[in-house]
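Using the working numbering, you'd call the opening residue of the sequence shown number 316 and step up by one each time. In this text, a Cβ means the ideal position worked out from N, Cα and C, and glycines have one as well. Data block below; observations after.
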Amino acid sequence: MGKRRRASERKGVGVKNGRVHPVVLGGAAAVVVCGVGAAAFALSGGADGSGADGKQVATGPPTAAEVRTTAREFLAAWAEGDVAGAAALTDDRAAAEKALTSFREDGHFADTRLTPGKRSGADVPFKAAATVAYKGRSKPFAYESELTVVRRKSDGRTLVGWRPSVVHPALKEGDRLVTGEAGDPPIKAVDREGGELTAAEYPSLGTVLDGLRERYGKEAGGKAGVELRVVRADEKKSAEAGSAKAGEDDAESTPDKTLLTLSPGTPGTLKTTFSPSLQAAAERETAKRQRASVVVVKPSTGEILAAANSDPAGFNVAFQGSLAPGSTMKVVSASMLLEKKLAGVDKKHPCPKYSTYGGWKFQNDDKFQIKNGTFKASFARSCNTAFISRAEKLENDSLTRQAQDVFGLGRDDWSIGVPTFDGAVPVQSDAQMAASLIGQGGVRMNPLNMASVAATVKSGAFKQPYLVSPDVDDRELATAPRKMSGATLSGLRELMHYTAVAGTAAKPMAGLGSDTGAKTGSAEVDGQKKPNGWFTAYRGDLASAAVVQQGGHGGDSAGPLVRAMLLAGK
316 MGKRRRASER KGVGVKNGRV HPVVLGGAAA VVVCGVGAAA FALSGGADGS GADGKQVATG
376 PPTAAEVRTT AREFLAAWAE GDVAGAAALT DDRAAAEKAL TSFREDGHFA DTRLTPGKRS
436 GADVPFKAAA TVAYKGRSKP FAYESELTVV RRKSDGRTLV GWRPSVVHPA LKEGDRLVTG
496 EAGDPPIKAV DREGGELTAA EYPSLGTVLD GLRERYGKEA GGKAGVELRV VRADEKKSAE
556 AGSAKAGEDD AESTPDKTLL TLSPGTPGTL KTTFSPSLQA AAERETAKRQ RASVVVVKPS
616 TGEILAAANS DPAGFNVAFQ GSLAPGSTMK VVSASMLLEK KLAGVDKKHP CPKYSTYGGW
676 KFQNDDKFQI KNGTFKASFA RSCNTAFISR AEKLENDSLT RQAQDVFGLG RDDWSIGVPT
736 FDGAVPVQSD AQMAASLIGQ GGVRMNPLNM ASVAATVKSG AFKQPYLVSP DVDDRELATA
796 PRKMSGATLS GLRELMHYTA VAGTAAKPMA GLGSDTGAKT GSAEVDGQKK PNGWFTAYRG
856 DLASAAVVQQ GGHGGDSAGP LVRAMLLAGK
């Protein structure tokens, strides 16, 4: 068997415009000599490990030395402006060369210094420091990113696994860093009381404020300045990328983001519906939890009073999430069953341990059953089989029509002022249709959608949630084609109130008064040990919904979060 040797690993280097500065890259220096019996990586011949030319190639994960060397060479080439050389050290030369060229020409970066940090496996974090210069204006700019070293199967060579976030962590497929006159003037967004809203005070509003600027910057009357910003891929590129799913984090629905201001513009003032006290409470409560998102709306008007996420710098699940809502969807399903006379609040209703439909066997949590119970008891206890047992009497599109025509969901026509996912209740058949009745199957929602559901029950009619008054831009808010009948609305309110005082929502809703209603939910997700916990409720002229991903039972995880919001609103 032949041998492969690599020169002794030198100490790492910080690189600044081609000049080498000593710095330890990922720890002590190392020597790697791999031959027969070496454990660093495997060598084999013939059909097991030879390349197209018959030569032996390395296999297995990159060694520590290979990771350090590859990262050092890539960062050195990038820092000294050798775009072609740096791109050749990646596993996607064309994409890397395009991105690194844009970094220099569109981003106007100069005097770039890249300093590697401590390696962790195949990952190498690094610090970037540069000067951003544009038409006589310049400012220093620093940030941190990370690269991953991979092994190419064809020849065993180690390379940087290319992804846009190597250039900057905010970049996704098709995005660019651009320095120049901002396309959108800055805005001074204010709350309903006139106080300024900033991402520093309300971290969860960072992406919301970016979206408001993109939508209303010109209309608010401001003047653009000179900025370094992330310019998102256009709709066509997003579609070509093929990686975006409805309601998930995609470039198409994410606004451009300002990273550095070289010359400030003149902001225009934009009034929003946010409540400063409720937004502060939402920020505080989500910060206490992992993967929690919450929204508060005003049922009488549709105004959005607060929205927050545990990860304020991440994806805006509160407005754009696309998650199975679990049993909170039973609010919509119950309204349909009441209208179709397939259930009555105080009428006897089956709640067996199991119910089979479309070849699927459904069961209740802990396989409970209610003998000789009413529909009210089944709703309050969140009995799945009580809903599945009615699937055979429904059309495939019954739930879809109810969600769209009464609750305004899944029509893709909300215009709140920033991008949203407006829910999805697709037409399905057989077992999937039955699963939709209990918030599984293809049904997808987020806290904004489910807060709107509770608000619709409270107000008696769907009112599209919004952040910016339609008077600002003369836009039309979405409407639902019809309202629930008086009898259906009265019955649904009774179901939700009973759940709040004597059902699965009783603990979180305890002591909140008589003008209340609630519904809990737990949504199973493939690959998760614990389901997502959901809770939606109203109290007076407030409606709120929350999800805690992998939180387990909604009453235990999301319920206390919604309770806190309803109390803060009082």
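Could you compute how far the alpha carbon of Ala-548 sits from the alpha carbon of Leu-492? 11 Å
Suppose you measure from the CA of Met-651 to the CA of Asn-764; what does that come to, to the nearest Å? 18 Å
Quick one: grab the DSSP three-state call for Glu-516. coil
Cα-Cα, which of Gly-688, Ser-774, Leu-574 and Asp-506 is closest to Leu-804? Ser-774
Close-in-space but distant-in-sequence residues of the same chain around His-423 (CB under 7 Å, 5 per side omitted): Val-447, Ala-448, Tyr-449 and Thr-494
Using three-state DSSP, classify Arg-878 as helix, strand or coil. helix
State yes or no: is the C-beta of Thr-587 within less than 8 Å of the C-beta of Ala-504? yes
Stretch-stretch touch, CB-based, cutoff 8 Å, three pairs: the region 803 to 821 with the region 779 to 789: no
Measuring CA to CA, which of Ala-379, Asp-426, Gln-594 and Asn-761 is closest to Lys-433? Ala-379
Mapping the DSSP letters down to three states, classify Ser-453 as helix, strand or coil. strand
When you compare only the Cα positions, how much space is there between Gly-489 and Ala-411? 12 Å
Leaving out five residues before and five after Lys-551 in sequence, what residues of the same chain have Cβ atoms less than 8 Å from its Cβ? Note that Lys-551 scores a pLDDT of 37, beneath 50, so its modelled location is shaky and nothing firm can be said.
Could you spell out where the alpha helix (DSSP H) holding Tyr-813 opens and where it closes? 801 to 817
Between the CA atoms of Pro-376 and Thr-405 - distance to the nearest angstrom: 16 Å
Check whether the region 728 to 743 and the region 660 to 670 are in contact - that is, three or more C-beta pairs closer than 8 Å. no
Assumed close pair Ala-628, Phe-694 - CB separation to whole angstroms, cut-off 8 Å: So it is not a contact: roughly 38 Å between Cβ atoms.
Sequence-distant residues of the same chain with beta carbon closer than 7 Å to Pro-591, five excluded per side: Asp-506, Glu-508 and Gly-510
Pro-762 vs Ala-861 beta-carbon contact at 8 Å: yes
Going by alpha carbons, who is nearest to Ser-435 out of Ala-445, Lys-413, Glu-461 and Ala-414? Glu-461
What are the complete beta strand (DSSP E) segments, minimum 3 residues, inside the region 499 to 546? 502 to 505 and 541 to 546
Reduced DSSP category for Ala-860 - H, G, I as helix; E, B as strand; rest coil: strand
Out of Gln-743, Gly-874, Ala-749 and Glu-654, which one is the CA nearest neighbour of Ser-800? Glu-654
Would you report the Cα separation of Asp-470 and Leu-575, rounded to the nearest angstrom? 42 Å
Give me whichever residues DSSP pairs with Pro-440 in a beta bridge. Glu-461
Residue nearest to Thr-384 in terms of C-alpha spacing, selected from Ser-417, Pro-431 and Ala-414: Pro-431
Extent of the continuous alpha helix (DSSP H) run through Leu-577: From DSSP, Leu-577 is part of no alpha helix (DSSP H) but of the beta strand (DSSP E) over 572 to 578.
Express the C-alpha separation of Ala-445 and Phe-356 in angstroms, rounding to a whole number. Per-residue confidence for Phe-356 stands at a pLDDT of 27, beneath the threshold of 50, marking its modelled position as unreliable; no derived number is given.
At which residues does the alpha helix (DSSP H) containing Ile-703 begin and terminate? 699 to 703
Spatial neighbours of Leu-876 in its chain, beta-carbon cut-off 8 Å, leaving aside the 5 residues before and after: Glu-600, Thr-601, Arg-604, Ala-607, Val-609, Phe-850, Ala-861 and Val-863
Would you kindly work out how many angstroms separate the C-alpha atoms of Gly-536 and Gly-832, rounded to a whole number? 43 Å
When DSSP labels each residue in this structure, what does Thr-446 get in the three-state scheme? strand
DSSP three-state label for Ser-558, please. Any reading at Ser-558 must be qualified, since the residue scores a pLDDT of 33, below 50, and its modelled position is unreliable; the value itself is stated next. Three-state result, Ser-558: coil.
Determine the closest residue to Asn-624 out of Glu-618, Thr-616, Gln-594 and Pro-640, with distance taken between C-alpha atoms. Gln-594
Given this structure, state the Cα-to-Cα distance separating Pro-337 from Lys-533, to the nearest angstrom. Caution applies to Pro-337, whose pLDDT of 33 falls short of 50 and renders its modelled position unreliable; the value that the coordinates give is listed next. Rounded to the nearest angstrom, the two C-alpha atoms are 49 Å apart.
Would you kindly check if the distance between the Cβ of Ala-639 and the Cβ of Ala-820 is under 8 Å? no
If you follow the beta strand (DSSP E) that Glu-496 is part of, which residue opens it and which one closes it? 491 to 496
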